[in-house]
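Visitor:
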Amino acid sequence: MQQKIYIALCTIGIFGLIWLIVSTDGGARIPADPSRPSVETVRVENGVQVIHVIARGGYTPNEVIAKAGTPTKLEVETKGTYDCSAAFTIPSLGVRKMLPATGVTVFDLPLLPVGSSITALCSMGMYSLQIQFN
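Residue numbers (full-length UniProt numbering): 1 to 134.
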């Protein structure tokens, strides 16, 4: 009887581990979609600096250098994001937002001087995004 219980528990554990690896893509980052043009991380549109970040299993890229003293928007794109990186926070700005599983959420950032930075985190503090203004 104990042997059957042991075998059942091992089987459940193995299937649980396989499910975890498959559901998190094995920790892999999102591959580029060849049917969609790549988006620059920092670009300027109509005099506004736009920072584009992907949230899924963390933030990609997780370090960004932006121009100080420039009107700035932060675009956070999700692509089937169901992990804690969807619970997006910028503590210094009082931002707390649950991102949609798929889509783009835009945040207006304040004008910041040279040498300042903003840190964004997931709700658990596991993943971070650092934006340095130079």
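Every residue gets a Cβ at the ideal spot worked out from N, C-alpha and C, and that includes glycine.
By the 10 Å Cβ neighbour count, where 16 or more other Cβ atoms means buried, how is G57 classified, buried or exposed?
Guide: buried
Visitor: Residues in its own chain within less than 7 angstroms of K79 by CB, not counting five upstream and five downstream?
Guide: Leaving aside the five residues that flank K79 on each side, the residues in its chain whose CB is nearer than 7 angstroms to its CB run, in chain order, I30, I54, R56 and T102.
Visitor: Is DSSP giving L111 helix, strand or coil here?
Guide: Residue state, collapsed to three classes: coil.
Visitor: Where do the ends of the beta strand (DSSP E) carrying T78 lie?
Guide: T72 to K79
Visitor: Roughly how far, in whole angstroms, is the beta-carbon of K67 from the beta-carbon of F107, given that I think they are within contact range, below 8 angstroms?
Guide: Not quite, the Cβ-Cβ distance comes to about 17 angstroms (not below 8 angstroms), so this is no contact.
Visitor: Would you grab the beta carbon distance between F133 and S117 for me? Rounded to a whole angstrom, and I think it's under 8 angstroms.
Guide: 7 angstroms
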